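Accompanying notes for the structure given below.
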């Protein structure tokens with residue numbers, strides 16, 4: 003058993019290990035809201051994480067250690083996430099009177115019916131979702147299973163960085179949790195918000211992940227190999243720059259006059275195309291043929307004018323994610339940097355919220 007879905011203690015760091023960086027976030031409760039106690043982003047060595055899998059544990063561990071030191075956090079427990087594509091989830095029904103231990107024993111005996119891998123190779127967890135709509139005597143139970151090596155690589159990297167993995171979550175569930183903080187920013191009326199179909203498009207460095215929240219059940223997710231790295235590579239190629247120089251120029255500007263029209267505009271069009279394609283996959287595999295709102299997340303989503311292009315092309319209102327709008331900040335947090343990084347911090351935020359176990363609240 004590993005704590006995919008378990009309840010956390012009072013203080014856990016959210017630690018998002020992506021393909022190019024590690025993002026750290028520590029939240030506390032302040033009055034009726036949240037307060038950012040510490041945060042930071044640390045770049046990773048090239049190819050330390052490939053397609054959401056850690057391939058250089060030491061490189062990731064050293065980055066975590068630098069990040070923890072720089073953020074000045076005292077918290078030693080962390081929540082990390084695995085990609086939705088690495089996890090098998092299934093909802094089954096079980097007898098409502100069973101205790102958690104009895105459920106666990108029964109699942110260990112029956113798991114091979116639901117999991118297509120040898121049991122010794124998987125980390126398995128479950129969470130009771132509520133009473134079954136079919137019978138009061140049954141409860142719906144969500145099972146989550148992930149290859150053990152995915153969990154162990156993350157545990158090992160955290161340990162090298164001086165932290166202990168308390169919770170291993172699923173990225174799509176983190177997005178869903180963080181979305182609750184963003185919801186009020188575009189909702190006219192929270193009551194009808196529950197029924198809205200929301201698409202969150204997380205455009206990372208190498209991967210674009212679509213999560214669709216339908217108000218019931220686990221979110222639909224789909225990953226595609228596409229991200230901001232393609233823009234960096236095009237800047238490198240066109241202007242003969244190193245990876246570092248291209249990455250810096252992308253953020254800080256100073257590129258030749260033709261950059262906007264020749265490089266940035268075609269990339270923005272490619273992003274819009276990816277968003278359109280991802281949504282078409284969702285429509286073709288579900289009963290839906292539209293979404294009510296699109297939220298852009300990930301570092302790439304901050305590109306000037308991108309959300310307007312997506313809204314114009316798809317005819318759907320589109321906003322850029324910022325889960326920190328209504329949060330207060332500790333004096334050691336750089337507000338300007340946090341605001342700039344906000345769209346890329348959704349998963350870290352969803353992980354940090356595990357401290358307060360919102361889903362049981």
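Residue numbers (the working numbering): 3 to 363. Note that the Cβ used here is the ideal one computed from N, Cα and C, for glycine as well. All values derive from a computational prediction rather than experimental measurement.
Check: For residue 146, which residues of its own chain have a beta-carbon under 6 Å away from its beta-carbon, when the five flanking residues on both sides are left out?
Finding: For the purposes of this step, residue 146 is taken as residue 144 along the chain shown, with counting starting at 1. Correct list, in chain order: 6, 89, 91, 127.
Item checked: Touch test, the segment 309-317 against the segment 167-178, Cβ-Cβ under 8 Å, three pairs minimum -> no
Margin query: What does the alpha-carbon distance come out to for the pair residue 107 and residue 169?
Written below: In the chain shown, counting from the first residue as 1, residue 107 sits at position 105. In the chain shown, counting from the first residue as 1, residue 169 sits at position 167. Residue 107 and residue 169: Cα-Cα distance of roughly 21 Å.
Next item on the list: Please name the residue in 48, 206, 96, 199 whose C-alpha comes closest to that of residue 244.
Entry: Within the chain shown, numbered from 1, the residue matching residue 244 stands at position 242. Minimum Cα distance to residue 244 is reached at 48.
Checklist line | Close-in-space but distant-in-sequence residues of the same chain around residue 291 (CB under 7 Å, 5 per side omitted) | finding: Here residue 291 refers to the residue found at position 289 when the chain shown is read from its first residue. Once the five neighbours on either side are set aside, the close Cβ partners of residue 291 are 285.
Check: Can you tell me whether residue 121 is buried or exposed, with buried defined as 16 or more other CB within 10 angstroms of its CB?
Finding: As a first step, residue 121 is located in the chain shown; it is residue number 119 there, counting from the start. Label assigned to residue 121: exposed.
Check: Counting pairs of Cβ atoms below 8 Å between the segment 203-213 and the segment 227-243, do you hit three or more?
Finding: yes
Notebook entry, point to check: By the 10 Å Cβ neighbour count, where 16 or more other Cβ atoms means buried, how is residue 295 classified, buried or exposed?
Noted result: Mapped onto the chain shown, residue 295 falls at position 293. By the 10 Å Cβ count, residue 295 comes out buried.
Check: DSSP puts residue 204 in a beta bridge; with which residues?
Finding: Locating residue 204 in the chain shown gives position 202, where the first residue counts as 1. Partner(s): 211, 299.
Margin query: In whole angstroms, give me the CA-to-CA distance for residue 334 and residue 308.
Written below: On the chain shown, position 332 is the one that residue 334 refers to. On the chain shown, position 306 is the one that residue 308 refers to. In a straight line, the C-alpha of residue 334 is about 31 Å away from that of residue 308.
Checklist line | Straight-line gap, residue 354 to residue 272 (C-alpha atoms, nearest Å) | finding: By 1-based counting over the chain shown, the position of residue 354 is 352. By 1-based counting over the chain shown, the position of residue 272 is 270. Taking the straight line from one Cα to the other gives about 32 Å.
Note to self: If you reduce the DSSP assignment to three classes, tell me which class residue 49 lands in.
What the structure shows: Looking up residue 49 in the chain shown gives position 47. In this structure, residue 49 counts as coil in the three-state DSSP scheme.
Item checked: Local conformation of residue 357 per DSSP, three classes -> Here residue 357 corresponds to residue number 355 of the chain shown, with the count starting at 1. Residue 357 falls in the helix class under three-state DSSP.
Notebook entry, point to check: What's the gap between the Cα of residue 41 and the Cα of residue 274?
Noted result: Residue numbering aside, residue 41 sits at position 39 when the chain shown is read from its first letter. Residue numbering aside, residue 274 sits at position 272 when the chain shown is read from its first letter. Distance between the alpha carbons of residue 41 and residue 274: 30 Å.
Notebook entry, point to check: Span of the beta strand (DSSP E) holding residue 18?
Noted result: Residue numbering aside, residue 18 sits at position 16 when the chain shown is read from its first letter. Unbroken beta strand (DSSP E) run through residue 18: 15-19.
Notebook entry, point to check: If you count every other CB in all the chains shown that lies within 10 Å of the CB of residue 98, and 16 or more means buried, which is it?
Noted result: For the purposes of this step, residue 98 is identified with residue 96 of the chain shown, where counting begins at 1. Residue 98 is exposed by the Cβ-count criterion.
Item checked: CA nearest to the CA of residue 299, picked from 64, 117, 205 -> Residue numbering aside, residue 299 sits at position 297 when the chain shown is read from its first letter. Nearest option by C-alpha distance: 205.
Next item on the list: Pick out whichever of 81, 261, 141 has its Cα sitting closest to the Cα of residue 101.
Entry: Translated into the one-based positions of the chain shown, residue 101 becomes position 99. Considering only alpha carbons, the answer is 141.
Check: What do you reckon, are the CB atoms on residue 23 and residue 43 nearer than 8 Å?
Finding: In the chain shown, the residue the question calls residue 23 occupies position 21. In the chain shown, the residue the question calls residue 43 occupies position 41. Taking 8 Å as the Cβ cut-off, residue 23 and residue 43 qualify as a contacting pair.
Next item on the list: Have a look at residue 323 and residue 346 and give me their C-alpha separation to the nearest angstrom.
Entry: Residue 323 sits at position 321 when you count from the first residue of the chain shown. Residue 346 sits at position 344 when you count from the first residue of the chain shown. Each residue's alpha carbon lies about 8 Å from the other.
Check: First and last residue of the beta strand (DSSP E) that includes residue 96?
Finding: The count along the chain shown starts at 1 and reaches residue 96 at position 94. Residues 89-97.
Next item on the list: Could you tell me the boundaries of the alpha helix (DSSP H) in which residue 150 lies?
Entry: Locating residue 150 in the chain shown gives position 148, where the first residue counts as 1. Element bounds for residue 150: 150-162.
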